[in-house]
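What follows is one structure encoded as structure tokens, with my remarks underneath.
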Amino acid sequence: MIGNIRGLILILMFLFVQPTLGATIKVSPAINALAKALKAANKNDTLLIQPGIYKEHDILIDKKLTVIGVQWPVIDGENKSQLIFITADSVTVQGLQVQNTGRSSMTDMAGIRVQNAYYANVQGNKVLNTTYGIYLQNAAYCTIKGNLIHANAVDELNSGNGVHAWKCHDLFIDNNDIAGHRDGIYFEFVTESHIRGNKSKRNVRYGLHFMFSHNDTYSKNEFSDNGSGVAVMYSKGVVMTDNIFRHNWGDAAYAILLKEIANSHIEHNLFVKNTVALYMESSTNILVEKNRFIDNGWAIRVTASCDKSTFQQNNFIGNSFDVTTNGTVMLNVFRQNYWDKYDGYDLDKNGIGDVPYYPVSLYSVITERIPTAMILYRSFLTNIMDQVEKVMPSVTPDQLKDTEPRMKKWNL
Amino acid sequence: MKTIVKYVLLDLFRNRIILVYSLILAVLSISLLGLDNNPTKGLLSLLNVSLLFVPIITILFATIYFFNSVEFTELLLSQPIKRNTVLLSQYIGVAFSLATAFGIGVGLPLLFLVSGTASLVLVITGILLTLVFCSIALLIFVSFKDKTKGIGIAIAAALFFSLLFDGLLLAFIYSFSDYPIDQAVIAILAFNPIDLGRVLMLLQLDTSALMGYSGALFKKFLGSASGSIFSIVCMLFWVFVPLLLSVRTFKKKDL
Amino acid sequence: MISIDTLTKSFGKFTALKNISLQMQAGQAISLLGPNGSGKTTLIKSILGLVIPEKGTITINGHVVKTDWNYRAQIGYMPQIGRYPENMTIEQVIRMIKELRKDVKKYDEELIEGFGLDRIKTKTMRNLSGGTRQKVSACLAFLFSPDIYILDEPTAGLDPVSSELLKDKMLKERSAGKLILITSHVLSDLEGIASHIIYLQDGDLMFYKSVEELQIATGEEKLNKVVAEVIKKTIPQTAVNP
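Residue numbers (our numbering), protein chains in the order written: chain A, 107 to 518; chain B, 28 to 282; chain C, 290 to 531.
This is how it looks when you write it as structure tokens:
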């Protein structure tokens, strides 16, 4: 058998003349077929995995190989162990169905793990029912693209993340469909990376979670129905554009939670029906512009510890409360936003309201202190209270205002 | 029963106040919904109008109507007809015509301008409030002999439910905010039909915010359909309990 | 026909009727008299079941008023103040009452024609004068030819012609063997109609006698004189207006 394969390789090498291209090897289901084939393969070879079930684990890829599944061959860990383990540079894994890793508190069991390797290309795989879907450790210049990563996590303790990256840089996470993990995408110490077009939903904790990850760009992703939305902490130079944050409901659920973020840019995102769309704590120099905040409980919650941030040209429509804060100081700027609750006038017809808009309502301050009072919201009584406060502000911070409120909504 | 209802409706559909009420609601609805290109905002304004005006107008109109038709009631009762039949027929006539006025004034514009679940809930809320305050008006009518006194009580009841009750509840929440009072608050809420109607709408418009509360009961109550079902069931109680009490009182009432 | 046994009714502290017992027979036209607040209306309303008696029973042709509401089919009632739903026409009111009384097929519409109501039948009640509304009430009371008529101030507010018409109608019904119970302040209107007189004061039954009997006792002819005379004799001076 092996002799045959060797022969085949030789023939192929002669046929293609170019020796670096490697051979193409078909692998069919058998006991330890994958392990044997991988061991036997040479650098630059291509392995075509034939359809069938491969009950193998700890499948080590330690040389530059291209592993391609033909019609979704299944690699099943039988809920015991971890599966594909990539330690060499420039490995491609494509078209596999990787499923049923074990769960362990000692090691992070992953469907596909890339460790200390560059230029890995993990593309178009189905990663099902794994603790960790795709796990990147000390990796760089890797592409994770078009994978379907689904699990059914029920609590935070016994679950892992869909795409997990630790100490990486220059990753490209593109168009993956992630659901049912602890965190959909988890980054820790990951820099200069692009996350684009992913869908991350129904994760127990966060759709996207990153810490200490600087200069990353997130665009056109969709985060919905996650336990607590998206959490972004201790990072600089974050760019988030064109993402959709939908339906992240619950106490302590935020479409985005920003904690100690600096010099970042949040632009043209859509926030729909989240309990809190944007929560900011101890963050500085953030530009929030051209976003749409629609039907959220609280559009923006910004603590007094934030400064030098600008909120401009956003649309605020149908939110229960537009802005809340926890202090009376406001070191951030709101301008040229459209607020649907604004009832000022525009006598000079320049499209900008002639009186400022105060986005913090009295009742939002009251419910902040006494959440139960929310049950009386929108009653005749609370309407009167809000109106009186508007005329004579006493509790709400008068520095927090939009001096150039737009009369018409922005076309975003 | 059918005959009396038919003739009461015949009278009420030509009643100027009912026509004006319907017309004012329609003008308000169209202007509030049409002025803004933001349907949620229009819906909210309409909700405020409904919660404020529907109870007071309904209770006042119904109370005055019941007192004014005492002589007619006597005439009907001198015929071989049961007392219950006469009373309930008049209730159905008044409640139906006011509910129709609301349905035409608010429901139709909503249907054409902002159709959706929230609009439907608003119409249901308005109609339920109409039925509730007609019931309360009937109870006032059978409990008091004097018309002036009855109208006074009706105004007091409307004010109590639309303003005073919430004030007291807010004071209660303020003073006991350190204790787990969620359950008590929901229970208290059941005693005010206007609040129940408002909660029905709150569950439509502010679910996102309501989900931000950690209280398990609140979440259970507000997060699922059970909150809406609870509110509707309580409002139906508010329709039928005063109605049954009225029937019982009316049996022994001297006209 | 109407049998009242120890009827008592009070409103709060005020006792409107004290232990009243009466027997009224077919063919009688009884004039119910008494000053304001003497209990006349309460008595009528008790018979109609509009006021619930505190004590005592009322039986009408064998039906006990308290339990059996069907007896009201035998009574035609004309209230003192006739108020109807404002936007209904005369025609609609009459039709409604007819529809409510499906048991009756033959209608006595003599008064409707007599009063000329059929000529203004499309007028709404709101636009009618008090007298016209009174006519509507009268028509309704006589519509089904009941055995008993209860008429509360029937002629008050009627023009003399209509008043005469109504009196003729009452006489006709009386001679047909019906029982008529009338309250009226205008005694001359009852001349020739009333066969008996009931006099109430402060809830007490002062007397219940036939007109002939009283005429003999007082030696007077005219009804108002008779009554004045009787009151002077039978009721202690202190009870009459001071």
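Idealized CB from N, CA, C, for every residue including glycine. Fair warning: this is a prediction, and the values are worked out from it, not measured in the lab.
Spanning the alpha carbons of B:ILE151 and B:SER49 requires a straight line of approximately 16 angstroms.
Note on C:PRO435: 16 or more other CB atoms within 10 angstroms of its CB, so buried under the neighbour-count rule. For B:SER96, the neighbours in chain C by C-beta distance under 8 angstroms run, in chain order, ARG372 and PRO374. When DSSP states are grouped into helix, strand and coil, B:ASN111 belongs to the helix group.
Between A:SER334 and A:LYS365 a beta carbon distance of about 12 angstroms is seen, past the 8 angstroms cut, so the two are scored as non-contacting. For B:VAL274, there are no neighbours in chain C by C-beta distance under 8 angstroms, as the nearest C-beta there is about 15 angstroms away. Any Cβ of chain B closer than 8 angstroms to the Cβ of A:ASN281 would place that residue at the interface, and such an atom is absent. In chain A, no part has a C-beta under 7 angstroms from the C-beta of B:GLY134; the shortest such distance is about 20 angstroms. Leaving aside the five residues that flank B:SER170 on each side, the residues in its chain whose CB is nearer than 7 angstroms to its CB run, in chain order, THR276.
With contact defined as three or more Cβ pairs closer than 8 angstroms, the region 184 to 204 of chain B and the region 354 to 374 of chain A are not in contact. When DSSP states are grouped into helix, strand and coil, C:LEU321 belongs to the strand group. Separation of the CB atoms of A:ASP492 and A:TYR469 is rounded to 6 angstroms, and the pair is thereby assigned contact status at 8 angstroms. Considering only A:ILE155, A:ASN264 and A:ASN150, the residue with the shortest C-alpha distance to A:MET212 is A:ASN264.
Non-local beta-carbon contacts of C:PHE496 in its own chain, meaning distances under 8 angstroms to residues more than five positions away in sequence, involve ILE486, ILE487, TYR488, VAL519 and THR523 in chain order. Against chain B, a Cβ distance below 7 angstroms from A:ALA479 picks out LEU197 and ILE200. Going by beta carbons, A:HIS374 and A:THR416 fall outside the 8 angstroms limit. Measuring C-alpha to C-alpha distances from C:THR304 to each of C:ILE386, C:LEU322 and C:LYS329 identifies C:LYS329 as the nearest. For A:THR381, the nearest CB of chain B lies under 8 angstroms from its own CB, placing it at the interface with that chain. By the criterion of a C-beta distance shorter than 6 angstroms, A:GLN205 is surrounded in its chain by ASP182, LEU234 and ASN235, once the five residues flanking it on both sides are discounted.
Contact note: A:PHE427 reaches chain B through ALA236, using a C-beta cutoff of 7 angstroms and chain order. Only residues of its own chain outside the window of five on either side were considered, and among them THR193 and ALA194 have a CB closer than 6 angstroms to the CB of A:ASP168, listed in chain order. It is roughly 37 angstroms from the alpha-carbon of B:SER96 to the alpha-carbon of B:LEU71. Taking a Cβ-Cβ threshold of 9 angstroms, none of the residues of chain A is close to B:ASP281; the smallest such distance is about 38 angstroms.
Per DSSP, reduced to three states, the secondary structure at C:GLU480 is coil, with no helix or strand assignment. The three-state reading of DSSP puts A:GLY128 in coil, since its state is none of H, G, I, E or B. Annotation for B:ILE44: PHE88 place their beta carbon closer than 8 angstroms to its own, counting only its chain and skipping 5 residues before and after. Residues of chain B whose Cβ lies closer than 7 angstroms to the Cβ of C:ARG390 are, in chain order, GLN106. For the region 413 to 424 of chain A, the set of positions with a beta-carbon nearer than 8 angstroms to some beta-carbon of chain B reads ILE423 and GLY424 in chain order. Taking a Cβ-Cβ threshold of 7 angstroms, the residues of chain B close to A:LEU482 are ASP193, LEU196 and LEU197, in chain order.
In the three-state scheme derived from DSSP, where H, G and I count as helix and E and B as strand, A:ASN438 is classed as strand. B:LYS68 and A:TYR448 have their alpha carbons spaced roughly 11 angstroms apart. For C:TYR366, the three-state secondary structure derived from DSSP is strand.
With fewer than three CB-CB distances shorter than 8 angstroms, the region 116 to 129 of chain B does not count as touching the region 312 to 319 of chain C.
When the five nearest sequence neighbours on each side are left out, the beta carbons in the same chain lying within less than 7 angstroms of the beta carbon of C:ALA362 are those of ASP392, in order along the chain. Within the region 333 to 353 of chain C, the residues whose Cβ lies closer than 8 angstroms to any Cβ of chain B are, in chain order, LYS334, LEU337, GLY338, LEU339, VAL340 and ILE341. Three or more Cβ pairs closer than 8 angstroms define a contact, and the region 273 to 287 of chain A meets that threshold against the region 301 to 310 of chain A.
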